[in-house]
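Going letter by letter, the sequence shown gives residues 1 to 178 in our numbering.
From the three backbone atoms N, C-alpha and C, an ideal C-beta is built for every residue, glycine too.
Notes for the one structure printed next.
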Amino acid sequence: MEIKTKVNKTVIKFDDKLLGNILGVPATGSKFFETKKWPEVPDLVLEDCLRVFYPNENVFGGIAKPTNLLGIEHRLLHHITATHILPTSGGHEKMSCQDLYIMWHVVTGKPLNLPHLIMKNMLRATSKVDGALPYGMVITKIISPFGIVVGNEVASRIDVGDIYNASSLKRMGWKRVF
């Protein structure tokens, strides 16, 4: 897969390998990208993956499990997944198949082609009428190697919801242990 676009009258194109090189992450591993369907992989059973994150819950009946039933560490991982790794607009009260799939790869250490997922998510966002721009914080890093200089931009403050601090961790249920 390759993305071709125009930025400031300059045509740029890149694939997952070049994007991985720019971002400093490997472009190897699984390329599955689907928010509503579970992959048809023989050794990857949905219920087994759900048991990893919901050990005390009935895992049958589909993926639409509320994230407030996750343990503290998994709730934080889901928040990072849904807001930074594969950002989507809207609420994050329920886990999507893609969220579960990414979290399972992180927890088990299985390789995941993050540059490919980023590109697919960028393309998905362009098809939405009211979609949010994903990866706004790394766009400059992505286009800089193509000689595009982003100037005259006005810096903006980081939204409070995008900062992890004692208050946000406390809202997620973290407790300080001495």
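So, with DSSP's three-state summary, where would you put residue 148?
Residue mapping note: residue 148 aligns to position 148 of the sequence shown, counting from 1. In the structure shown, residue 148 sits in coil (DSSP, three-state: anything other than H, G, I, E or B).
Are the CB atoms of residue 111 and residue 30 nearer to each other than 8 Å?
For this step, residue 111 is matched to residue 111 along the sequence shown. For this step, residue 30 is matched to residue 30 along the sequence shown. In this structure, residue 30 lies closer than 8 Å to residue 111 by Cβ.
So residue 39 packs on residue 101, CB below 8 Å; how close in whole Å?
One-based indexing of the sequence shown puts residue 39 at position 39. One-based indexing of the sequence shown puts residue 101 at position 101. That belief holds up - the Cβ atoms of residue 39 and residue 101 are roughly 7 Å apart, short of 8 Å.
At the level of alpha carbons, what is the spacing between residue 127 and residue 177?
Locating residue 127 in the sequence shown gives position 127, counting from the first residue. Locating residue 177 in the sequence shown gives position 177, counting from the first residue. The straight-line gap from Cα to Cα measures roughly 45 Å.
Whole alpha helix (DSSP H) runs in the region 11–92 with 4 or more residues, listed along the chain?
DSSP runs (the alpha helix (DSSP H)) wholly in the region 11–92: 16–23, 46–53, 72–80.
From 99, 148, 107, pick the residue whose C-alpha is nearest to that of residue 36; which is it?
Along the sequence shown, read from residue 1 onward, the residue named residue 36 stands at position 36. The candidate whose alpha carbon is nearest that of residue 36 is 99.
Mind checking whether residue 67 and residue 93 have CB atoms under 8 Å apart?
Indexing the sequence shown from 1 puts residue 67 at position 67. Indexing the sequence shown from 1 puts residue 93 at position 93. Closer than 8 Å, so yes.
For the alpha helix (DSSP H) that residue 6 lies in, which residues bound it at each end?
Numbered from its first residue, the sequence shown carries residue 6 at position 6. Careful: residue 6 lies outside any alpha helix (DSSP H), inside the beta strand (DSSP E) at 2–7.
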